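Line by line, the protein sequences give chains A and Z.
Residue 473 in my numbering sits at position 473 of the first sequence; the count goes up by one each step and never skips.
Convert by adding 1000 to the 1-based position in the second sequence; the result is the number in my numbering.
All C-beta atoms, glycine included, are put in the ideal place defined by N, C-alpha and C.
Predicted, not measured: the structure shown is a model, and the values here were computed from it.
2 protein chains.
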Amino acid sequence: MADAHLSPEEFRRQGHRIIDWIADYWDRLDDLPVRAQVAPGEVAGALPASAPELPEPFDALLHDLDEVVLPGITHWQHPRFFAYFPANSSPAAILADLISSGLGAQGMIWATSPALTEVEQVVLDWLGEALGLPEAFRSGGPGGGVIQDTASTATFTALLAALHRATGGSARADGVTPDLRVYASSQAHSSLTKAVIMSGLGEQALRVIPVDPRTQAMRVDILAATLEEDVAAGLRPVLVLAAAGTTSTGALDDVGTIGALARQYGAWLHVDAAWAGVAAVCPEHRQAPEGVAEYADSFVTNPHKWLLTTFDCSAFWVRDRAPLLGALSLLPEYLRNPASESGAVADLRDWHPQLGRRFRALKLWAVLRSYGISGLQAHIRGGVALATRFADLVRADDRFELVTEPVLGLVVFRLRSGDEETLRLMESLNDSGVAYLSHTVVEGRTAIRLAVGSWRTRAEDVERTWQALSERAGSG
Amino acid sequence: MADAHLSPEEFRRQGHRIIDWIADYWDRLDDLPVRAQVAPGEVAGALPASAPELPEPFDALLHDLDEVVLPGITHWQHPRFFAYFPANSSPAAILADLISSGLGAQGMIWATSPALTEVEQVVLDWLGEALGLPEAFRSGGPGGGVIQDTASTATFTALLAALHRATGGSARADGVTPDLRVYASSQAHSSLTKAVIMSGLGEQALRVIPVDPRTQAMRVDILAATLEEDVAAGLRPVLVLAAAGTTSTGALDDVGTIGALARQYGAWLHVDAAWAGVAAVCPEHRQAPEGVAEYADSFVTNPHKWLLTTFDCSAFWVRDRAPLLGALSLLPEYLRNPASESGAVADLRDWHPQLGRRFRALKLWAVLRSYGISGLQAHIRGGVALATRFADLVRADDRFELVTEPVLGLVVFRLRSGDEETLRLMESLNDSGVAYLSHTVVEGRTAIRLAVGSWRTRAEDVERTWQALSERAGSG
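Written as C-alpha cells, this is what we have:
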C-alpha cells in the first residue's frame, strides 16, 4: 500500500498550522464581510478543470483556501451572522470531532465499535435529562435517543416509525396506501413536506392546518375538525407534527392540545424543536414541557444549531423504539454477530435511514463536559438577552415594528413603510458585509429575521447591526 | 453571549495536542487489538449518569478518551483491519475536514456559502473524470454530482428520482401505487431493501433476482423474464439496480445487459459501486465502463470506503438532474434568493433528503490534490496486490479454498473442513486482536472475507494475518 502523501511528521506540522489557521480565522472574522460577495461561477472558474496527476503539497491547498475559497464563504461563525438560524461550531466540538476523524471508526452496529454506540446513548440520556425530556426517552427505558444528521432526517424517521405503527407493519411489507394522512401547520418546516414526498404518501397526504395570524401557532380547533372529518371519511391519521419554534417566526404550537388530539385519533405526535429545543437547558425556556412529557412520541432538536456542536448533530428521541426498529431493522448475513443477537446492545443503523455512521457523540460529549450545564445555560441566556435588547431597539424606533413577539433568540421585524422597503433595507445591509440577516413573509408581509445565537456574538455586534440598519432605513 | 469555555489560546494548545494524539494513536495501532474487547454495557457503565453542572477541563475528556473510549473502539484504521470494507481516513482528508469544522459553513443552498457548492461541483467533476464516468454526469451538462452521506442515501435518492420519472411526477403529488416495481439481485446491498421500505413501495415491490452460483452476479435471463412478466401483468418497472462489486463477494453484475433491459422497459438504471467504484481511478480496474457510459442513470461510489476520504463522503451522480430536482425541490419563503431564482446556481439541498449540509468537498478536494491521480492509483493497486498475495497463500494451502475468485481488494475463502470450523477460525482470530475479519454466507456456505484497503496496511500485515489464520486452522 502506498505511503500516505502526508507523512506523520508532515501531518503534525500541517495539523498544528491548521489549528492556528482556524484560531486566526475566528480572530479576523470581524473584519470579513459576513456574506460572500462572489458571483455565480466565480469560485468554480478559479479552479482547474481536472484533478492533478501528481501530488501537490498541502501548502497549495491552503493557498487556494485563502485565495479562492474564503471569498466564496458566507461566514456562519461571524459574530454578526444573524440569518436563518445559528449553526454554531465551538472549539470543544471541533476538537472532539477531529478525534472522531482520527479514530475513523464506523458505528453502524454496536459490534463495529461498541464505544461509539454506548457513548452516544449515554450522551443523549444526558442531554434528554438536561432538556427535561421524559424518562421514557432514555436508553434504559422503552425509547431512546440517537444522533441524526439533520432534523429533516429525524422528522422523516419519525414518519417511518409512525407509518409502521399506524399500519401494523403493512406499510413496510406492502407499501403505503392513499388513505394515510399527516398533519402540521402552514408554518411547519419544509422538511415535513419532503418527508411526506419521500415516504411515498405524496403531498396530497399532508393536511396543512392554518395558523392564528397573531401567534403563528397552529389553529388546534381546525386540526380537531380536520381529524374528525378525515376519520369520518375513512382516512387514517398517521402523524401530527407540533412545531416548538417555527423557522419563520419561532412560533410555538400548543403541544398539549395537539398531543391529546393525536392520541385520540391514534396518530404519532412528533415535536419539531429543531432550533428552540436546546434552549430547554434553561428551565425557564422549556417549550411546552408538559405536552412533550405527556404526548410526544418523538422529539427532535439540533445541538448543531444553537448548542455549540459542529454540524452534523441532530438529537432525536422516541418514546418507544419498537415501531422505529420495526420499520427499519434489517440484518444481512455479513452484519450478523453474537452481540446483536443477544439483544443486549443497540445497533444504531436501525434508528435512521443510513447504514454507516461516524462517532458524532464525541463532539456532543465534549460540549456538554466543556461547558457544563451551567455554561450552556449562560450561552442560551446570553443569546436571549441580546435578542431582547435588539427587540427593544426596534420597539423604540417609530420607523420599525415587530411583526411577531420575539421568541428566545429570534426577532422578526420590518419597516412600517412597506415590503419592498423592508427587503431593500435587508439587502443593503447584507451587501455591505457588516451583518447578514434573512427574510420571511408573515401573513403576506415581508419581514426581516434576526436570529442571535452564535458563540462569537457580543452586545456590540447587535448594537452595530442595529446602527447599520437604522442608518440605512432613512426616514423609514 | 458567554465566552467559549476553550479560550483561543487553549484551543491552540489542545488542538496541537490532539493532532499529536492522533499521530501517536496511528503509531501505536499496531500494538492494539483490532477489535474492541469490551462486553455490552462496559463503556456506558464507566460514564456518569448525568452531564456535569460545571465546566470540566478538556484534559478530563482526553483522559476518558484513553481510559474509557479507546478500549471500546474497534480500530478501523488499524493496518490489520480487514472486516466489512475499509473506511479510510487519511491525514489529508482529516485536516481538510478540520478546516470545514472551523469554517462551520452551511451549504444548504448556493447563497449560504457559494464556495461550498461550487467546490463540490468541481471536485465531483474531477472525480467523475478520474473514474471514467460519462460526460453527461458532469455539472456542465444535464446531470451532475453531489456528495451524499452514505451510499444508502444515494440509492434512496436514486429511487426517488426514478419514481418521479416513472410516474411523471404523480408519486410526488399523489403518492406511490402498488404497481411499481424495483429489481436487483439477491446479492444487492441491504440499503436497497431499506430504500424500498422508506419510499413507501414496501418490500413487496422488490423483485429479488437470483444470481449465478459461481459468479454471484445477477442472472440477466431471469431479470429479462421477470420484467416481461411484470409488464405483461400491468406492473411498472421503476428502477433496476446493478451491483458493481457486491458486499458479500465483490461480484460484478452485467451492467450493459441489465442497462439495456432497464432502458427497454423504461426503468432507471442505478449502478451501486459503493466499494469498487473508486478503483476505477486505475483504468485496468474500471468495472463495466461501457455499460455505465451507455445506460447508467445514476452511479454511486464511496470515497469514504477505499479512497482515503474520511467518513462521510459518498459520491453520487445522475445523468439527468431534472427528475431528481423534480422529486425533491422545495422553496420555502425564507430560502428564496436572487441567485436561486436566476437558475445560474445549484442548490444542493434539492439533491438529497437533508436540508443542512457541511463543506464535505474540502476533504475530497484535499485527497485528490494531496495524492494526485497517480498517488490514488498507487493506493488502489497496492491494495489489489496485497489481496492477490493473500489469495495466493490461500490457494497454496490445501486446508483452505477460495469461495469466489478474488475481486480487487477482496478475498472470500473458507476452511474446506466446514462452516462451523470456518466461523470458529475467524472468531478465534478476531478474539486474539491480531486482525479483524468478517464473514458472509455464499450459496449456503460460510466464508471469511478479507478486504484490503486501509492506508496503513503493509505486506507484513497480510502475511502476519495469514500466519495467524494458518496456525489456528490446525489440520484443517
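Item                                                                                                                                                                 : Value
How is A:A2 classed by DSSP in three states: helix, strand or coil?                                                                                                  : Caution is warranted here: a pLDDT of 42 is assigned to A:A2, below 50, making its placement in the model unreliable, and the coordinate value is therefore given only provisionally. In the structure shown, A:A2 sits in coil (DSSP, three-state: anything other than H, G, I, E or B).
Around the Cβ of Z:A1004, are there at least 16 other Cβ atoms within 10 angstroms (buried) or fewer (exposed)?                                                      : Bear in mind that the predicted position of Z:A1004 carries a pLDDT of just 48, short of 50, making it unreliable; the figure below should be weighed with that in mind. Buried is the call here.
Using a Cβ-Cβ cutoff of less than 7 angstroms, which residues in the same chain neighbour A:M198 once the five nearest sequence positions on both sides are dropped? : F156
Please state if the CB of Z:L1308 and the CB of Z:L1376 are separated by a distance shorter than 9 angstroms.                                                        : yes
Taking 9 angstroms as the threshold (C-beta atoms), are Z:R1449 and Z:V1411 in contact?                                                                              : yes
Nearest to A:S50 by CA position, among Z:A1093, Z:W1126, Z:D1031 and Z:P1237, is which residue?                                                                      : Z:W1126
Thinking A:E421 and A:L429 are a contact (beta carbons under 8 angstroms), I'd like their distance in whole angstroms, please.                                       : Their Cβ separation, rounded to whole angstroms, is 13 angstroms, which puts A:E421 and A:L429 out of contact at 8 angstroms.
Output yes or no for whether 9 angstroms exceeds the beta carbon distance between Z:P1353 and Z:L1324.                                                               : no
Just the chain Z side, please: which residues come within less than 8 angstroms of A:V441 by C-beta, in chain order?                                                 : E1333
Using 9 angstroms as the limit for Cβ to Cβ distance, is Z:P1156 near chain A?                                                                                       : Per the sequence presented here, residue 1156 of chain Z reads as Phe, with Pro not at that position. So yes, Z:F1156 belongs to the interface.
When we look at the beta-carbon of A:P142 and count the other beta-carbons within 10 Å, is it buried (16 or more) or exposed?                                        : exposed
Mind checking if Z:F1011 is an interface residue toward chain A, Cβ cutoff 9 angstroms exclusive?                                                                    : yes
My output table needs one value for Z:L1490: the three-state DSSP class, helix, strand or coil.                                                                      : An answer regarding residue 1490 of chain Z cannot be provided, because it is not within the stretch 1001 to 1476 covered by chain Z.
Kindly list, in the order they appear in chain Z, the residues whose Cβ is closer than 9 angstroms to that of A:H16.                                                 : R1012, G1015, H1016, I1019 and D1020
In angstroms, rounded to a whole number, what distance separates the CA positions of Z:Q1148 and Z:F1137?                                                            : 15 angstroms
In this structure, what does DSSP give as the bridge partners for Z:I1147?                                                                                           : Z:A1315
Contact defined as beta carbons within less than 8 angstroms: I believe A:V123 pairs with A:W365. What is the distance between those atoms, to the nearest angstrom? : 5 angstroms
For A:V292, tell me which candidate among A:F11, A:M218 and A:L131 has the shortest Cα-Cα distance.                                                                  : A:L131
Are any of the Cβ atoms in chain A nearer than 9 angstroms to that of Z:F1137?                                                                                       : no
Closer than 8 angstroms, Cβ to Cβ, to anything on chain Z: give me those residues from the stretch 92 to 106 of chain A, in chain order.                             : A92, A93, I94, L95, A96, D97, L98, I99, S101, G102, L103, G104, A105 and Q106
Using 8 angstroms for Cβ pairs, my map puts A:T193 next to Z:L1227. What's the rounded Cβ distance?                                                                  : Contact doesn't hold; Cβ gap of about 33 angstroms is too wide.
Bridge partners for A:R207 per DSSP, in chain order?                                                                                                                 : A:Y183
Quick check: is the beta carbon of Z:P1114 nearer than 9 angstroms to any beta carbon in chain A?                                                                    : yes
Beta-carbon of A:T465 versus every beta-carbon of chain Z: anything under 9 angstroms?                                                                               : no
Mind checking whether A:V345 and A:T117 have CB atoms under 9 angstroms apart?                                                                                       : yes
Less than 9 angstroms between the C-beta atoms of A:R381 and A:C282, yes or no?                                                                                      : yes
Helix, strand or coil for A:R236? Go by DSSP, reduced to three states.                                                                                               : strand
Looking at chain Z, which residues of the stretch 285 to 301 of chain A have a Cβ within less than 7 angstroms of any of its Cβ atoms?                               : none
Taking a Cβ distance cut-off of 8 angstroms, strictly less, list which residues of the stretch 1421 to 1439 of chain Z are near chain A, in chain order.             : S1438 and H1439
Return no unless some Cβ of chain A is closer than 9 angstroms to the Cβ of Z:Q1040.                                                                                 : Reading the sequence as shown, one finds Pro at residue 1040 of chain Z and not Gln. Chain A, which has a Cβ nearer than 9 angstroms to the Cβ of Z:P1040, makes this yes.
When Cβ atoms are compared, which residues of the stretch 195 to 228 of chain A fall closer than 7 angstroms to chain Z?                                             : I197, M198, S199, G200, L201, G202, E203, Q204 and A205
Please report how far the alpha carbon of Z:E1427 lies from the alpha carbon of Z:G1418, in whole angstroms.                                                         : 14 angstroms
Could you tell me which residues DSSP puts in a beta bridge with A:A188?                                                                                             : Per DSSP, none; premise fails for A:A188.
Name the residue from A:K363, A:A244 and A:R395 whose alpha carbon lies nearest to the alpha carbon of A:G277.                                                       : A:A244
Using only alpha-carbon positions, find the residue among Z:A1322, Z:S1090, Z:R1358 and Z:W1466 that is nearest to Z:F1391.                                          : The sequence as given places Ala at residue 1391 of chain Z; Phe does not occur at that position. If we check each option's Cα against that of Z:A1391, Z:W1466 comes out closest.
Hey, how far is the Cα of Z:V1043 from the Cα of Z:S1191?                                                                                                            : 29 angstroms
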